[in-house]
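Protein chains: 2
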Amino acid sequence: MTNKTEDRRTLQRERLIETAEATIAQSGHAALKARDLAASVGVSLGGLYNLVGDLDELLLLVSARTLRRLDAALAAQTGEDPVESLVGAALAYCRFARDNLGLWRAVFEHHPDAVPDWHVETQLGLFRHLLEPLRRIAPHRSEDQRKLLARTWFSAVHGVVLLGLEEMLVAVPYDALEAQVSEMVRALCAGARQG
Amino acid sequence: MTNKTEDRRTLQRERLIETAEATIAQSGHAALKARDLAASVGVSLGGLYNLVGDLDELLLLVSARTLRRLDAALAAQTGEDPVESLVGAALAYCRFARDNLGLWRAVFEHHPDAVPDWHVETQLGLFRHLLEPLRRIAPHRSEDQRKLLARTWFSAVHGVVLLGLEEMLVAVPYDALEAQVSEMVRALCAGARQG
DNA sequence: CGCGATTTTGAACACCGTTCAAGAGAAAAT
DNA sequence: ATTTTCTCTTGAACGGTGTTCAAAATCGCG
Chain P
14 MTNKTEDRRT LQRERLIETA EATIAQSGHA ALKARDLAAS VGVSLGGLYN LVGDLDELLL
74 LVSARTLRRL DAALAAQTGE DPVESLVGAA LAYCRFARDN LGLWRAVFEH HPDAVPDWHV
134 ETQLGLFRHL LEPLRRIAPH RSEDQRKLLA RTWFSAVHGV VLLGLEEMLV AVPYDALEAQ
194 VSEMVRALCA GARQG
Chain Z
14 MTNKTEDRRT LQRERLIETA EATIAQSGHA ALKARDLAAS VGVSLGGLYN LVGDLDELLL
74 LVSARTLRRL DAALAAQTGE DPVESLVGAA LAYCRFARDN LGLWRAVFEH HPDAVPDWHV
134 ETQLGLFRHL LEPLRRIAPH RSEDQRKLLA RTWFSAVHGV VLLGLEEMLV AVPYDALEAQ
194 VSEMVRALCA GARQG
């Protein structure tokens with residue numbers, strides 16, 4: 014029955030993704046090894062390629078999961094005051110990156126030969142959480158301009174967290190990073206209101 | 014003569030670095046292959062390891078060069094008005110990243126087992142170009158606070174350029190990126206003055 | 001049970017960075 | 001000039017990747 018094997022494969026595929034996720038979370042995406050994964054899932058080496066076309070594809074599947082969780086973390090940060098919503102979202106991003114360092118890095122550091130469209134769109138979809146607060150902060154702008162602004166501010170926070178977490182081990186403590194991010198977002202809001 | 018061989022090696026080392034630089038500029042740091050480099054420089058495969066301890070070390074040497082050029086590009090952007098200086102520096106960063114995409118990415122995407130101190134410090138040293146304009150924009154703050162601010166703003170621009178250049182191929186044209194960066198820096202300045 | 005279809009397997013392949021015994025070459029000594 | 005000593009260069013070999021595919025094992029069914 015072609016149905017039974019497909020069901021089993023779906024199950025094994027799930028276990029494979031979970032194992033990969035745990036490995037990346039603990040040791041980074043460079044630690045993903047085909048032979049280790051095969052052994053963990055209980056499949057032969059070649060059997061991996063019945064579950065997944067490629068290690069790149071596996072990494073993409075894990076990244077999709079990570080992006081879903083990140084999306085949820087950002088969605089939980091919509092409040093009353095638009096400025097506080099944006100600050101909250103930025104801080105949520107900080108914490109997510111800190112608590113999921115390996116997985117978060119895998120999302121952005123992994124460059125497959127061909128990034129699928131749905132992955133790009135999921136990544137771009139994160140900006141939408143900033144759009145409603147931005148409507149209240151910059152009501153005079155067009156929606157397209159606000160979309161651009163959302164992308165830019167998101168990228169800015171991303172950059173601060175990226176370099177911040179890399180140096181953190183040797184320089185600045187994490188709390189200072191949160192303070193900097195929060196201050197920057199407030200400054201951006203203030204600047205956008207008057208500008 | 015131990016002198017003669019060392020001179021020749023220094024020369025070969027220089028050619029090696031230049032070859033590596035050209036390769037990374039054209040095809041990215043993932044395209045660096047020991048065998049290709051050895052053939053290009055005219056050394057046997059094992060001979061590479063007389064010139065350089067490691068491919069990681071070679072990448073670090075190339076990154077050091079890139080950082081020197083980036084530093085020079087930022088240094089050339091000091092003007093009269095502090096805001097315009099910061100905008101100029103940010104735009105210079107944009108253009109440098111665009112015109113040296115592979116090399117620029119190699120600086121930040123390469124994670125050796127042990128990053129030498131001088132490399133970290135060179136990277137951090139880039140912030141100093143923002144410090145003088147910041148003294149005029151935020152004179153009420155302490156120098157330490159301004160250093161933190163410089164690091165944060167630099168990282169913010171870095172993030173916008175990073176995600177901007179990745180999407181550029183499929184989404185937004187480069188000019189829009191410059192516009193976004195310029196606008197963000199102005200907003201940050203405005204926000205920092207009043208905050 | 002037997003037999004065709006399907007699925008799993010792991011040895012083999014291509015490629016990678018790195019090493020190191022052996023050979024080539026230069027310098028010193030006779 | 002010849003031999004000896006020492007240094008430097010070389011590329012085959014090693015251990016490690018991800019991926020493939022002929023062969024073996026398993027399954028479905030008459």
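Protein chains in written order, with my numbering: chain P, 14 to 208; chain Z, 14 to 208.
Just so it is clear, CB atoms sit at the ideal spot from N, CA and C, and this is done for glycine as well.
In this text, all values refer to a predicted model and were calculated from it rather than measured experimentally.
Cβ-based burial, residue i [other Cβ within 10 Å; buried from 16]
{"i": "Leu201 of chain Z", "result": "buried"}
{"i": "Thr18 of chain P", "result": "exposed"}
{"i": "Gly101 of chain P", "result": "buried"}
{"i": "Leu147 of chain P", "result": "buried"}
{"i": "Ala203 of chain Z", "result": "buried"}
{"i": "Leu24 of chain P", "result": "exposed"}
{"i": "Gly12 of chain Z", "result": "Residue 12 of chain Z is absent from the structure shown; chain Z starts at 14 and stops at 208."}
{"i": "Ala52 of chain Z", "result": "exposed"}
{"i": "Gly177 of chain P", "result": "buried"}
Whole-angstrom distance between residue j and residue i, CA atom to CA atom
{"i": "Val128 of chain P", "j": "Thr165 of chain P", "result": "21 Å"}
{"i": "Arg22 of chain Z", "j": "Asn63 of chain Z", "result": "8 Å"}
{"i": "Lys46 of chain P", "j": "His123 of chain Z", "result": "20 Å"}
{"i": "Ala105 of chain Z", "j": "Arg82 of chain P", "result": "36 Å"}
{"i": "Lys160 of chain P", "j": "Gly60 of chain P", "result": "44 Å"}
{"i": "Arg48 of chain P", "j": "Asp69 of chain Z", "result": "25 Å"}
{"i": "Ala192 of chain Z", "j": "Ser155 of chain P", "result": "16 Å"}
{"i": "His132 of chain P", "j": "Ala38 of chain Z", "result": "27 Å"}
{"i": "Ala103 of chain Z", "j": "Ala44 of chain Z", "result": "29 Å"}
{"i": "Ser57 of chain P", "j": "Glu27 of chain P", "result": "16 Å"}
{"i": "Leu190 of chain Z", "j": "Met197 of chain Z", "result": "11 Å"}
{"i": "Gly41 of chain Z", "j": "Leu29 of chain P", "result": "31 Å"}
{"i": "Ser271 of chain P", "j": "Ser195 of chain P", "result": "This structure cannot settle anything about residue 271 of chain P, because the visible part of chain P is limited to 14 through 208."}
{"i": "Asp157 of chain P", "j": "Val185 of chain Z", "result": "12 Å"}
{"i": "His153 of chain Z", "j": "Val96 of chain Z", "result": "16 Å"}
{"i": "Gly208 of chain Z", "j": "Ala151 of chain Z", "result": "10 Å"}
{"i": "Val120 of chain P", "j": "Leu80 of chain P", "result": "8 Å"}
{"i": "Leu232 of chain Z", "j": "Asp126 of chain Z", "result": "Absent from the model: residue 232 of chain Z. The displayed extent of chain Z is 14 to 208, so no value can be given."}
{"i": "Ala110 of chain P", "j": "Gly55 of chain P", "result": "31 Å"}
{"i": "Asp188 of chain Z", "j": "Cys107 of chain Z", "result": "10 Å"}
{"i": "Ser168 of chain Z", "j": "Arg199 of chain Z", "result": "15 Å"}
{"i": "Asp20 of chain P", "j": "Asp94 of chain P", "result": "48 Å"}
{"i": "Val9 of chain Z", "j": "Thr91 of chain P", "result": "As displayed, chain Z neither begins before 14 nor continues past 208, which places residue 9 of chain Z out of reach and without an answer."}
{"i": "Asp130 of chain P", "j": "Leu50 of chain Z", "result": "35 Å"}
beta-carbon residue i near the ligand HEM non-hydrogen atom, thresh 7 Å
{"i": "Thr79 of chain P", "result": "With respect to small molecules bound, the structure shown includes none, and the ligand HEM cannot be examined in it."}
Element boundaries [alpha helix (DSSP H), containing residue i]
{"i": "Pro77 of chain P", "result": "Looking at the sequence itself, residue 77 of chain P is Ala, so the reference to Pro does not match. Element bounds for Ala77 of chain P: Leu68 to Ala88."}
{"i": "Val173 of chain Z", "result": "Glu156 to Met181"}
{"i": "Phe121 of chain Z", "result": "Leu114 to Glu122"}
{"i": "Glu145 of chain P", "result": "Arg141 to Ile150"}
{"i": "Val194 of chain Z", "result": "Tyr187 to Gln207"}
{"i": "Gly138 of chain P", "result": "Asp130 to Gly138"}
{"i": "Ser53 of chain P", "result": "Ala47 to Val54"}
{"i": "Leu64 of chain Z", "result": "Leu61 to Leu64"}
For this session: Output, in sequence order along the chain, the residues in the segment 143-172 of chain Z whose CB is closer than 9 Å to any CB in chain P.
Result: Leu161, Leu162, Arg164, Thr165, Trp166, Phe167, Ser168, Ala169, Val170, His171 and Gly172
Exercise. With a cut-off of 8 Å, do at least 3 Cβ pairs link the segment 32-50 of chain P to the segment 107-119 of chain P?
Worked result: yes
Problem set entry | Three or more C-beta pairs below 8 Å linking the segment 133-141 of chain Z and the segment 159-173 of chain Z | yes
Exercise. Does the count of Cβ pairs from the segment 82-95 of chain Z and the segment 139-151 of chain Z closer than 8 Å reach three?
Worked result: yes
Exercise. At a cut of 8 Å, does the segment 180-194 of chain Z reach the segment 170-180 of chain P through at least three beta carbon pairs?
Worked result: In short, these stretches do not touch, since the Cβ pair count stays below three.
Problem set entry | Residues of the segment 55-83 of chain P whose Cβ lies closer than 7 Å to any Cβ of chain Z, in chain order | none
Problem set entry | Contact list for the segment 19-42 of chain P against chain Z, Cβ threshold 8 Å | none
Exercise. Which residues, in chain order, does the segment 87-101 of chain P contribute to contact with chain Z at a C-beta distance below 7 Å?
Worked result: Against chain Z - using a Cβ distance shorter than 7 Å - the segment 87-101 of chain P contributes no residues.
For this session: May I ask you to list, following chain order, the residues of the segment 107-132 of chain Z that have a beta carbon less than 7 Å from some beta carbon of chain P?
Result: Glu122
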